[in-house]
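Asks: Here the sequence shown is numbered in numbering that gives the first Met the number 0, starting from 0 and rising by one per residue. If you scroll down you'll find the structure; I have some questions about it.
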Amino acid sequence: MSHENVGPQPDPRSQRYLICASCIAILAANITCAPFSTLVALKMGATPFYIGALNAIHLGTFVLQLVTMGQVQRRGKKFVLILWNTLTLIAMVPLLFLPEIWKHYREWALPSFMILVSIRHVTRTMSLTAWMPLLHDNTTAENRGRFFGRMRTYWKLILLIWLVSLALLARDEAPWWLIRSAMAIGLLSQGIYILCLLPAKERSPLGISESMPKMISRPLRDHRFRWMLLYILCYGTALGLADPFRVVYLKSLGYPDSVLLLGPATLFLGGILTQFAWGKLADRIGNRGIFSISHVGMMVAIAAWLLVDNTTSGLALALIVLATIGIFNGGNSIVQTRYMFSIVQQDHQAAYITVATVLGMVSIGLAGLAGGALLTWFGDFEIHQGALHLNAYHLLFICSALLFTLPHAIRTRLRQGKEVPSAKMIAFITRPLRTMLGSMATLVPPLDDIESHDSRDTTDQRPEPPVQS
Numbered sequence: 000m001s002h003e004n005v006g007p008q009p010d011p012r013s014q015r016y017l018i019c020a021s022c023i024a025i026l027a028a029n030i031t032c033a034p035f036s037t038l039v040a041l042k043m044g045a046t047p048f049y050i051g052a053l054n055a056i057h058l059g060t061f062v063l064q065l066v067t068m069g070q071v072q073r074r075g076k077k078f079v080l081i082l083w084n085t086l087t088l089i090a091m092v093p094l095l096f097l098p099e100i101w102k103h104y105r106e107w108a109l110p111s112f113m114i115l116v117s118i119r120h121v122t123r124t125m126s127l128t129a130w131m132p133l134l135h136d137n138t139t140a141e142n143r144g145r146f147f148g149r150m151r152t153y154w155k156l157i158l159l160i161w162l163v164s165l166a167l168l169a170r171d172e173a174p175w176w177l178i179r180s181a182m183a184i185g186l187l188s189q190g191i192y193i194l195c196l197l198p199a200k201e202r203s204p205l206g207i208s209e210s211m212p213k214m215i216s217r218p219l220r221d222h223r224f225r226w227m228l229l230y231i232l233c234y235g236t237a238l239g240l241a242d243p244f245r246v247v248y249l250k251s252l253g254y255p256d257s258v259l260l261l262g263p264a265t266l267f268l269g270g271i272l273t274q275f276a277w278g279k280l281a282d283r284i285g286n287r288g289i290f291s292i293s294h295v296g297m298m299v300a301i302a303a304w305l306l307v308d309n310t311t312s313g314l315a316l317a318l319i320v321l322a323t324i325g326i327f328n329g330g331n332s333i334v335q336t337r338y339m340f341s342i343v344q345q346d347h348q349a350a351y352i353t354v355a356t357v358l359g360m361v362s363i364g365l366a367g368l369a370g371g372a373l374l375t376w377f378g379d380f381e382i383h384q385g386a387l388h389l390n391a392y393h394l395l396f397i398c399s400a401l402l403f404t405l406p407h408a409i410r411t412r413l414r415q416g417k418e419v420p421s422a423k424m425i426a427f428i429t430r431p432l433r434t435m436l437g438s439m440a441t442l443v444p445p446l447d448d449i450e451s452h453d454s455r456d457t458t459d460q461r462p463e464p465p466v467q468s
């Protein structure tokens, strides 16, 4: 059964403010998230286990969203967002004094950074319970893919510019004045983000809330949503196992800090170039084919890290691989969100979306912690046999690539109405290339055949209540 709602088109002005808010929020979040937080931790002598723990702290705190689910139902989404983001703003202020802590109390600098980052993540996470439901209020099935494609293109562009700027200023090693300046910009961005939330529209809250156990159990009793949760768990584990250690691996190869920042920037470049196209394609032909092609792309891209070394060609390959990961992970994130929004119950947005978000983030966080432990245990592992060279990082990348077979096996359970099969989708998106090649173009299915598939599930659709300020 689908719980998708069909109603009047959302207010474009409210959508613009939400897109602006997402762009500003990414600057505020970046100072306590990878790669910037990883660079700061490495500057203070953090080991791979600390890096894994830092990532686990970031993602593990997402479980606290369960605490504010009832608050969203009683008081509304904007109330929760503004309250907890104001507390986040206050919690970020002590980060400005990290250079002084490093200068006078060096042995306490890394623990202090971990504690301050944890506090910031806790307060920020408490607000995120309301963010995705607010986006759900401001989108419909007809424009959801395009909206998220546009939004993610813009905030990734902002983050790309930010990381490239930091990379140009950091050079071989980021100075403390640059780290303090970045944290000050993050603090200012947090304040602007709160202001951008004020004009956004939301549906009226229920005014009452259920008990937390009942809210958590509701999505777990939903058969279709259970498969979605299992998919999120498997995908998050596969992605999170090696994700925090790409920067660490580049550092171990001897690359300067500028490369550590510029490298992940290419990941966002891949997303920028393709996010809107993924969203438009998902609205046109559905989720099924994009799920399939994204899994294969992620497996190949992560396995390609085995070929990255400290040569010029190795660096070029690393940048290409990062961009490729950005392309396929970006497409997968859009169809994940699109499918999840199509099956949530309107009156229980917070419960459904929060349980899915918490599960996804916790799985990524625990996988990162497991990856750090694996690198610690197999730190001395190394095999040299002719052209074959394997070390602990290579084992991590192999395990991560293989784990993507799990969500690939589950994808067939995530069906949404009539969708274009994967083979036809691949034929459709490669049509221009095969047209140039000549005779093979005649094998492409007609465009009308592709467009005749309706990617939206039209069963049991209910009218949406009017959007209120």
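Note that beta-carbon positions come from the ideal geometry of N, C-alpha and C, so glycine has one too.
Per DSSP, what kind of secondary structure is Leu-252 in: helix, strand or coil?
Replies: In the three-state DSSP reduction, Leu-252 falls in the coil class, being neither helix nor strand.
Asks: Skipping 5 residues on each side, what residues in its chain have a beta carbon closer than 7 Å to that of Leu-249?
Replies: The residues are Val-258, Leu-259, Gly-262, Ala-317.
Asks: Please determine, among Asn-29, Gly-190, Ile-342, Met-211, the residue with the shortest C-alpha to C-alpha distance to Leu-158.
Replies: Asn-29
Asks: Quick one: grab the DSSP three-state call for Ile-382.
Replies: strand
Asks: Looking at the secondary structure, which residues open and close the alpha helix (DSSP H) in which Ile-231 lies?
Replies: 222 to 239
Asks: Can you look up Leu-413 in the DSSP assignment and give me helix, strand or coil?
Replies: Residue state for Leu-413 is assigned as coil, using DSSP reduced to three classes.
Asks: Hey, could you find the ends of the alpha helix (DSSP H) Leu-82 is sitting in?
Replies: Counting along the chain, the alpha helix (DSSP H) containing Leu-82 begins and ends at 76 to 91.
Asks: Could you round the C-beta distance between Pro-483 and Phe-244 to whole angstroms and report it? I think they count as a contact, below 8 Å.
Replies: No answer is possible for residue 483: the residues shown for the chain start at 0 and end at 468.
Asks: Let me know if Met-211 comes out buried or exposed under the rule of 16 or more other beta-carbons within 10 Å of its beta-carbon.
Replies: exposed
Asks: Just list the alpha helix (DSSP H) runs in the stretch 113 to 179, keeping only unbroken ones of 4 residues or longer that don't cross its boundaries, in chain order.
Replies: 130 to 136, 143 to 169
Asks: With 16 as the cutoff for other CB atoms within 10 Å, does Thr-411 come out buried or exposed?
Replies: exposed
Asks: Taking DSSP as the reference, what is the three-state secondary structure of Glu-209?
Replies: coil
Asks: Taking only three categories from DSSP, how would you classify Asn-390?
Replies: strand
Asks: Tell me which same chain residues have a C-beta within less than 6 Å of the C-beta of Leu-446, skipping the five on either side of it?
Replies: Here Leu-446 scores only 44 on pLDDT, less than 50, and its place in the model is too uncertain to base an answer on.
Asks: Just the C-alpha distance for Ile-18 and Leu-389, rounded to the nearest angstrom, thanks.
Replies: 43 Å
Asks: Answer yes or no: do Phe-146 and Gln-14 have a C-beta to C-beta separation smaller than 8 Å?
Replies: Remark: C-beta atoms of Phe-146 and Gln-14 approach each other more closely than 8 Å.
Asks: The alpha helix (DSSP H) with Asn-328 in it runs from where to where?
Replies: Unbroken alpha helix (DSSP H) run through Asn-328: 311 to 342.
Asks: Using 8 Å as the threshold, is the stretch 196 to 208 in touch with the stretch 130 to 148, meaning 3 or more CB pairs across them?
Replies: yes
Asks: Contact defined as beta carbons within less than 8 Å: I believe Met-91 pairs with Gln-189. What is the distance between those atoms, to the nearest angstrom?
Replies: Right, the Cβ-Cβ distance comes to about 6 Å (below 8 Å), so this counts as a contact.
Asks: Where does Ala-241 land, buried or exposed, given buried means 16+ other C-beta within 10 angstroms?
Replies: buried
Asks: Applying the criterion that 16 or more other CB atoms from any shown protein chain within 10 Å of the CB defines a buried residue, is Asn-331 buried or exposed?
Replies: buried
Asks: Contact check, Leu-60 vs Thr-124 under 8 Å by CB: the rounded distance?
Replies: Sequence check: residue 60 is Thr here, not Leu. Indeed, because the Cβ distance is near 5 Å, the residues count as touching under 8 Å.
Asks: Among Val-66, Thr-356, Ile-89, whose alpha-carbon lies nearest the alpha-carbon of Leu-229?
Replies: Thr-356
Asks: Keeping to the same chain, check which residues put their C-beta closer than 6 Å to that of Ala-166; ignore five residues upstream and five downstream.
Replies: The answer, listed in chain order, is Ser-257, Leu-260, Leu-261.
Asks: Considering only residues of the same chain and omitting the five flanking positions on each side of Tyr-192, which have a CB-CB separation below 7 Å?
Replies: Closer than 7 Å at the Cβ level, and outside the excluded window around Tyr-192, lie Ala-20, Ile-23, Ala-24, Ala-27, Asn-84.
Asks: Quick one, which of Gln-64, Arg-220, Gly-206, Thr-87 has its alpha-carbon nearest Met-360's?
Replies: Gln-64
Asks: Taking the alpha carbon of Ile-271 as the reference point, which residue from Leu-133, Trp-154, Lys-279 has its own alpha carbon closest?
Replies: Residue Trp-154 holds the alpha-carbon nearest to the alpha-carbon of Ile-271 among Leu-133, Trp-154, Lys-279.
Asks: Decide if Tyr-16 is buried, meaning its Cβ has at least 16 other Cβ atoms within 10 Å, or exposed.
Replies: buried
Asks: Does the pairing of the stretch 338 to 345 with the stretch 298 to 317 give three or more beta-carbon distances under 8 Å?
Replies: no
Asks: Per the contact definition of three or more C-beta pairs closer than 8 Å, is the stretch 207 to 224 in contact with the stretch 64 to 82?
Replies: yes
Asks: Taking the alpha-carbon positions, what's the Ala-129 to Val-79 distance?
Replies: 6 Å
Asks: When you compare only the Cα positions, how much space is there between Met-298 and Thr-122?
Replies: 35 Å
Asks: For Trp-226, collect the residues of the same chain with a Cβ closer than 8 Å to its Cβ; drop the 5 residues on either side in sequence, then sort them by chain order.
Replies: Ile-409, Arg-412, Leu-413
Asks: With 16 other CB atoms within 10 Å as the buried threshold, where does Phe-295 fall?
Replies: Going by the sequence as given, residue 295 is Val instead of Phe. Flag for Val-295 reads exposed.
Asks: Taking the alpha-carbon positions, what's the Thr-310 to His-407 distance?
Replies: 34 Å
Asks: Please name the residue in Pro-132, Ala-372, His-393 whose C-alpha comes closest to that of Glu-381.
Replies: His-393
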